[in-house]
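Take 646 as the starting number for the sequence shown in this note's numbering and just add one per residue.
Virtual Cβ for every residue (Gly too), placed ideally from N, Cα, C.
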Amino acid sequence: MAIRYRFSGHETFPFRYLWPQKGVRGIIDDPNLFFREDAIVRLGVGKNMVSSIRFWCQALGLAQADGRRRTAEPTELGRKLFGKHGWDPYLEDPGTLWLLHWELIDSPGIASTWSLAFTGWRRDAFTRRELVEWLALIAKERANQHTSRNSLRRDVEVFIRTYVPTGARSRRAIEDTFDCPLSELGLLRREDRDLYRFSRGAKPNLPIEILAYALARYWDREAGGQETLTFDRVLYGLGSIGSAFQLSDAGLAAHLEALPNWAGFDYDETGGLRLLIRRERARSRPPIRLLERYYASQADKGKTTEVAA
646 MAIRYRFSGH
656 ETFPFRYLWP
666 QKGVRGIIDD
676 PNLFFREDAI
686 VRLGVGKNMV
696 SSIRFWCQAL
706 GLAQADGRRR
716 TAEPTELGRK
726 LFGKHGWDPY
736 LEDPGTLWLL
746 HWELIDSPGI
756 ASTWSLAFTG
766 WRRDAFTRRE
776 LVEWLALIAK
786 ERANQHTSRN
796 SLRRDVEVFI
806 RTYVPTGARS
816 RRAIEDTFDC
826 PLSELGLLRR
836 EDRDLYRFSR
846 GAKPNLPIEI
856 LAYALARYWD
866 REAGGQETLT
876 FDRVLYGLGS
886 IGSAFQLSDA
896 GLAAHLEALP
906 NWAGFDYDET
916 GGLRLLIRRE
926 RARSRPPIRL
936 LERYYASQAD
946 KGKTTEVAA
């Protein structure tokens with residue numbers, strides 16, 4: 646079934662540092678929160694921001710909302726990240742930013758511009774107008790959707806602000822600005838007044854467990870029953886991890902070679918054909934188990950640091 650794209654819902658706000666935690670913990674306490682008249686008081690934000698928090702919690706894979714029943718509930722990932730005793734409730738771990746970025750790319754029916762721009766746009770750079778016109782064409786050709794250019798312009802603007810700092814940060818910490826946390830990843834940079842370029846290359850600060858989780862999710866969605874995938878598909882395919890993380894050929898190869906045995910993947914370059922193999926045990930394991938391993942290792946590092954201090 647053809648996907649239906651969405652180019653609105655964020656109320657023109659990129660998400661901010663405490664929004665995921667506020668949203669997830671709020672609906673754990675009250676599933677009706679996003680639809681209550683007093684949500685602005687309980688969340689401590691403006692009316693439009695309530696809708697924006699609801700959008701971002703869904704786009705980031707943290708919650709599911711039912712508009713008819715006027716309820717929302719956290720996903721397993723939402724609970725584990727931002728619930729009581731969550732893995733990283735204050736977004737202190739850079740790995741969580743990579744994870745949330747992946748969840749955005751993996752939500753083409755909610756955050757369509759994010760998914761399409763990273764994994765469908767085949768050039769390194771773009772202007773706002775170029776991206777707007779391309780998105781309009783894609784929506785028409787693939788989903789028979791006729792989308793307002795104004796809606797697309799607003800969506801593209803929020804997309805850019807998700808990854809490009811405002812420039813007004815000066816000496817303030819990013820937590821004290823309106824910049825989106827994902828701007829720390831350096832995935833998109835402004836080169837001129839209206840020219841933006843993706844930062845394709847190696848990503849040494851991308852945790853291998855986060856990459857393995859994204860790879861497992863991509864595999865389940867695109868090739869669930871297959872044992873192998875070609876390197877080029879993983880690097881350049883629509884919705885692929887290579888495109889999502891803007892990895893270069895050498896950067897992806899380095900990450901795949903570094904995958905530990907417990908991840909359940911093998912990278913094979915014999916015979917001149919580069920293949921990625923997913924072992925049977927890995928195909929039956931929920932991807933979130935890879936995240937559990939990552940955050941457990943981070944917690945162990947924190948305990949070691951405390952003891953050393």
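For Gly706 and Thr716, believed in contact at Cβ under 8 Å, the rounded distance: Counting from 1 along the sequence shown, the entry for residue 716 is found at position 71. Counting from 1 along the sequence shown, the entry for residue 706 is found at position 61. Not a contact, Cβ separation roughly 18 Å.
Classification of Asp837 by the beta-carbon crowding that lies within 10 angstroms, buried from 16 upward: As a working mapping, residue 837 is identified with position 192 in the sequence shown. By the neighbour-count criterion, in which a residue is buried when 16 or more other Cβ atoms sit within 10 angstroms of its Cβ, Asp837 is exposed.
Name the DSSP beta bridge partners of Gly846, please? Looking up residue 846 in the sequence shown gives position 201. Under DSSP, the beta-bridge partners assigned to Gly846 are Leu892.
For Ala708 and Ala927, I'd like the C-alpha separation in whole angstroms. On the sequence shown, position 63 is the one that residue 708 refers to. On the sequence shown, position 282 is the one that residue 927 refers to. Spanning the two alpha carbons is a distance of roughly 26 Å.
Val695 to Ile922, Cα distance in whole Å? In the sequence shown, residue 695 corresponds to position 50, counting from 1. In the sequence shown, residue 922 corresponds to position 277, counting from 1. For Val695 and Ile922, the distance between alpha carbons rounds to 43 Å.
Delimiting residues of the beta strand (DSSP E) encompassing Pro964: Missing from the structure shown is residue 964; the chain here goes from 646 to 954 and no further.
With DSSP collapsed to three states, give me the class of Phe910. In the sequence shown, counting from the first residue as 1, residue 910 sits at position 265. Phe910 sits in a strand when the DSSP states are folded into three classes.
The beta strand (DSSP E) spanning Ala833 covers which residue range? As a first step, residue 833 is located in the sequence shown; it is residue number 188 there, counting from the start. The residue asked about is misnamed: residue 833 is Leu in this sequence, not Ala. Counting along the chain, the beta strand (DSSP E) containing Leu833 begins and ends at 833-837.
Less than 8 Å between C-beta atoms, sequence neighbours within five positions excluded: which residues of the same chain meet that for Pro753? As a first step, residue 753 is located in the sequence shown; it is residue number 108 there, counting from the start. If you ignore the 5 residues before and after Pro753, its C-beta comes within less than 8 Å of the C-beta of Ile648, Tyr650, Ser760, Leu761, Gly884, all in its own chain and listed in chain order.
If you count every other CB in all the chains shown that lies within 10 Å of the CB of Ser942, and 16 or more means buried, which is it? For the purposes of this step, residue 942 is taken as the residue at position 297 of the sequence shown. Residue environment analysis places Ser942 among the exposed positions, since fewer than 16 neighbouring C-beta atoms fall within 10 angstroms of its C-beta.
Within a Cβ cutoff of 7 Å, which residues of the same chain sit near Ala954, ignoring the five residues on either side of it in sequence? Working through the sequence shown from its first residue, we reach residue 954 at position 309. Reliability fails at Ala954, whose pLDDT of 49 lies under 50, so the model's placement of it is uncertain and no value is given.
Euclidean distance between Cα positions of Leu797 and Thr807: Here residue 797 corresponds to residue number 152 of the sequence shown, with the count starting at 1. Here residue 807 corresponds to residue number 162 of the sequence shown, with the count starting at 1. Near 15 Å, if we compare the C-alpha coordinates of Thr807 and Leu797.
What span of residues does the alpha helix (DSSP H) with Thr758 cover, start to end? Working through the sequence shown from its first residue, we reach residue 758 at position 113. Unbroken alpha helix (DSSP H) run through Thr758: 757-764.
Among residues of its own chain, excluding the 5 on either side of Lys692, which ones have a beta-carbon nearer than 6 Å to its beta-carbon? Position 47 of the sequence shown, counted from the first residue, corresponds to residue 692. Shown here for Lys692: same chain residues with a beta carbon closer than 6 Å to its own, the five before and five after excluded, namely Ile685 in chain order.
Would you grab the beta carbon distance between Val809 and Arg835 for me? Rounded to a whole angstrom, and I think it's under 8 Å. On the sequence shown, position 164 is the one that residue 809 refers to. On the sequence shown, position 190 is the one that residue 835 refers to. Indeed they touch by this definition, with Cβ atoms about 5 Å apart.
Assuming Ser741 is part of the beta strand (DSSP E), what are its boundary residues? Taking the first residue of the sequence shown as position 1, residue 741 is located at position 96. Note that residue 741 corresponds to Thr in the displayed sequence, not to Ser. Element bounds for Thr741: not the beta strand (DSSP E) but the alpha helix (DSSP H), 739-750.
Contact between the region 847-858 and the region 896-903 (3+ Cβ pairs under 8 Å): Contact holds: three or more Cβ-Cβ distances are below 8 Å.
On the criterion of 16 or more Cβ atoms from any shown chain inside 10 Å, does Thr758 qualify as buried, or is it exposed? Taking the sequence shown and counting its residues from 1, one reaches residue 758 at position 113. Answer is buried; the Cβ neighbour count reaches 16.
Does the distance from the C-beta atom of Leu880 to that of Ala908 stay below 8 Å? For this step, residue 880 is matched to residue 235 along the sequence shown. For this step, residue 908 is matched to residue 263 along the sequence shown. By the CB criterion at 8 Å, Leu880 and Ala908 fall outside the cutoff.
Restricting to Cα atoms, I'd like to know which of Gln703, Glu737, Pro739 is closest to Thr722. The sequence position of residue 722 within the sequence shown is 77, counting from 1. What sits at residue 722 in the sequence shown is Leu, not Thr. Checked all of Gln703, Glu737, Pro739; the closest Cα to Leu722 is Gln703.
Is the distance from the Cβ of Trp743 to the Cβ of Ile886 below 8 Å? Start at 1 with the first residue of the sequence shown, and residue 743 comes out as number 98. Start at 1 with the first residue of the sequence shown, and residue 886 comes out as number 241. Going by beta carbons, Trp743 and Ile886 fall outside the 8 Å limit.
Relative to the C-alpha of Ala889, which candidate in Phe910, Leu745, Asp711 has its C-alpha closest? Your numbering for residue 889 matches position 244 in the sequence shown. Closest option to Ala889, Cα to Cα, is Leu745.
Run of the alpha helix (DSSP H) containing Arg799, from where it starts to where it stops: For the purposes of this step, residue 799 is identified with residue 154 of the sequence shown, where counting begins at 1. Per DSSP, the unbroken alpha helix (DSSP H) holding Arg799 starts and ends at 794-808.
Do you know how far the Cα of Leu688 is from the Cα of Lys667? On the sequence shown, position 22 is the one that residue 667 refers to. On the sequence shown, position 43 is the one that residue 688 refers to. Roughly 7 Å separates the two Cα atoms.
Compare the beta carbon distance of Phe727 and Arg681 with 8 Å and say whether it is the shorter of the two. Position 82 of the sequence shown, counting from 1, holds the residue named residue 727. Position 36 of the sequence shown, counting from 1, holds the residue named residue 681. Cβ distance not < 8 Å, so Phe727 and Arg681 don't count as in contact.
Would you mind sorting Pro665 into buried or exposed? The rule is 16 or more other CB atoms within 10 Å of its CB. For the purposes of this step, residue 665 is identified with residue 20 of the sequence shown, where counting begins at 1. Looking at its Cβ environment, which holds 16 or more other Cβ atoms inside 10 Å, Pro665 is buried.
Could you compute how far the alpha carbon of Gly731 sits from the alpha carbon of Asp738? Within the sequence shown, numbered from 1, the residue matching residue 731 stands at position 86. Within the sequence shown, numbered from 1, the residue matching residue 738 stands at position 93. The straight-line gap from Cα to Cα measures roughly 12 Å.
Cα-Cα separation, Val857 to Thr875: By one-based count along the sequence shown, residue 857 stands at place 212. By one-based count along the sequence shown, residue 875 stands at place 230. Before going further, note that residue 857 is Ala rather than Val in the sequence given. Approximately 16 Å, taken between the alpha carbons.
With DSSP as the reference, label Ile673 as helix, strand or coil. Your numbering for residue 673 matches position 28 in the sequence shown. Looking at Ile673 - three-state DSSP - the assignment turns out to be helix.
Looking at Arg794: is its Cβ nearer than 8 Å to the Cβ of Ala781? What you label residue 794 is simply residue 149 of the sequence shown in a count that begins at 1. What you label residue 781 is simply residue 136 of the sequence shown in a count that begins at 1. Yes, they are a contact pair.
What three-state label does DSSP hand Leu736 in the structure shown? Against the sequence shown, residue 736 aligns to sequence position 91. If DSSP states are grouped into helix, strand and coil, Leu736 belongs with coil.
Between the CA atoms of Ala944 and Gly882 - distance to the nearest angstrom: Translated into positions along the sequence shown, residue 882 becomes position 237. Translated into positions along the sequence shown, residue 944 becomes position 299. If you take the alpha carbons of Gly882 and Ala944, they lie about 34 Å apart.
Less than 8 Å separating the beta-carbons of Gly765 and Tyr939? Residue 765 sits at position 120 when you count from the first residue of the sequence shown. Residue 939 sits at position 294 when you count from the first residue of the sequence shown. No, Cβ-Cβ distance for Gly765 and Tyr939 is not below 8 Å.
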